[in-house]
Amino acid sequence: MSLRVPPELTDRIIDFLWDCQLDLCACSLVCRQWLPASRCHIFETIAICPDSRLLALMQFPQSVVANHTRTLNFRLWLPDEIDIAAVRILRHLPNALNLRTVIVGAVPPSPAQFPVVPLVEKLSLQHTKFASYNDFAEFLLKFTTLRELELGWISWEDFDYDVQCSRVTPMLENLSIQGFEEAPDILQWLSSADYGPQTRGLTLYIPNKTDTTSLNIISRFLHRLNDDLQYLRLDMFPSPYLQCMPYFLL
Numbered sequence: 002m003s004l005r006v007p008p009e010l011t012d013r014i015i016d017f018l019w020d021c022q023l024d025l026c027a028c029s030l031v032c033r034q035w036l037p038a039s040r041c042h043i044f045e046t047i048a049i050c051p052d053s054r055l056l057a058l059m060q061f062p063q064s065v066v067a068n069h070t071r072t073l074n075f076r077l078w079l080p081d082e083i084d085i086a087a088v089r090i091l092r093h094l095p096n097a098l099n100l101r102t103v104i105v106g107a108v109p110p111s112p113a114q115f116p117v118v119p120l121v122e123k124l125s126l127q128h129t130k131f132a133s134y135n136d137f138a139e140f141l142l143k144f145t146t147l148r149e150l151e152l153g154w155i156s157w158e159d160f161d162y163d164v165q166c167s168r169v170t171p172m173l174e175n176l177s178i179q180g181f182e183e184a185p186d187i188l189q190w191l192s193s194a195d196y197g198p199q200t201r202g203l204t205l206y207i208p209n210k211t212d213t214t215s216l217n218i219i220s221r222f223l224h225r226l227n228d229d230l231q232y233l234r235l236d237m238f239p240s241p242y243l244q245c246m247p248y249f250l251l
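Going by the working numbering, the letters in the sequence shown line up with residues 2 to 251, in that order.
Here you go:
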């Protein structure tokens, strides 16, 4: 009868080694009992290169990647690299049953190409420029169970919007906004009572020299959230003195 390491101890060891891929792989090879926990760390976050390697893994019938991946990072894609292989990877996203976070960088895939991903709870858009507000709205509508939305330096060229998709998100648990001083389109989104976001938690990164107009827009947005807002975090940079407070103290 072979000795077994208690599952609680196994999890502690694997969690301790989570950031060392070589050690995790070695543990998996030595002890089959450690394999599932190791896979959760090894495949938890994947940065997708603009080639077909991930596609081959996701198409393999016995692949464990799709079953253990929780975060997919598309920020390595450049404008001229959204090719057929990339589109085929997107079509397989609904098969990633544990996928919870998607990170998109400078150029998002066209909303028409991006599939509906029903299990993703967190979306991060960083330095992303959309052709129009409608594209931004249509892209968000792909994430039907979205709870957390991070927006950094988001912009669009055309602000015309379709009334049918005016309210692009459900009630969010947290909305994080950064870079509005360089990409003010987000402020225009916040200023609208018709199609602006709804959230229970709000994180804002605000430069000390923010202009009065921007501050007035943020103030009106906070008042419009009213009783729904339960948590507010203001990161004032470069000042470290004001960061986090319950909204009821304001």
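Ideal placement from N, C-alpha and C gives every residue a C-beta, glycine not left out.
Rounded C-alpha distance that separates residue i from residue j
i, j, result
"D159", "W190", "12 Å"
"F131", "C50", "21 Å"
"L147", "G197", "15 Å"
"L250", "E45", "Here the model assigns L250 a pLDDT of 43, short of 50, so the residue's position is not dependable and the matter cannot be decided."
"I90", "L56", "5 Å"
"E151", "L126", "6 Å"
"G180", "N227", "24 Å"
"E149", "L203", "10 Å"
"S192", "Q231", "20 Å"
"N135", "W154", "17 Å"
"Y206", "F238", "7 Å"
"Y248", "L233", "Confidence is the limiting factor: at Y248 the pLDDT is only 48, short of 50, which leaves the residue's position unreliable, though a coordinate-based value still follows. About 5 Å."
"K143", "Q60", "22 Å"
"P116", "P95", "8 Å"
"T70", "H128", "24 Å"
"N175", "L58", "33 Å"
"L98", "E183", "36 Å"
"Q114", "S177", "26 Å"
"I104", "L124", "6 Å"
"P171", "I218", "21 Å"
Residue i in three-state terms, based on DSSP
i, result
"V103", "strand"
"A48", "strand"
"Y248", "At Y248, the pLDDT of 48 sits below 50, so the modelled position is not reliable; the number obtained from the coordinates is stated separately. Looking at Y248 - three-state DSSP - the assignment turns out to be helix."
"F181", "coil"
"D1", "In the structure displayed, the chain extends from 2 to 251; residue 1 sits before or after that span and is not available."
"T200", "strand"
"M2", "Unreliable positioning characterises M2 in this predicted model, as indicated by a pLDDT of 41, which lies under 50. The coordinate reading is nonetheless provided below. M2: coil per DSSP, three-state reduction."
"F144", "coil"
"A113", "coil"
"V66", "helix"
"T214", "helix"
"D136", "helix"
"P119", "coil"
"D195", "coil"
"L223", "helix"
"P95", "helix"
Residues that residue i bridges to, as DSSP identifies them
i, result
"Y206", "D236"
"T72", "T46 and T102"
"E151", "S125 and S177"
"K130", "S156"
Span of the alpha helix (DSSP H), counted from its first residue to its last, around residue i
i, result
"W190", "D186 to S192"
"A57", "R54 to Q60"
Integer Cβ distance of residue i from residue j, believed to fall under 8 Å
i, j, result
"R101", "V118", "No, R101 and V118 are not in contact; Cβ-Cβ is about 10 Å, not under 8 Å."
"D236", "Q199", "No, D236 and Q199 are not in contact; Cβ-Cβ is about 22 Å, not under 8 Å."
"L188", "S220", "Contact doesn't hold; Cβ gap of about 12 Å is too wide."
"R40", "V65", "6 Å"
"L73", "I47", "6 Å"
"F140", "P112", "5 Å"
"D186", "W157", "6 Å"
"L223", "R201", "That belief does not hold up - the Cβ atoms of L223 and R201 are roughly 13 Å apart, past 8 Å."
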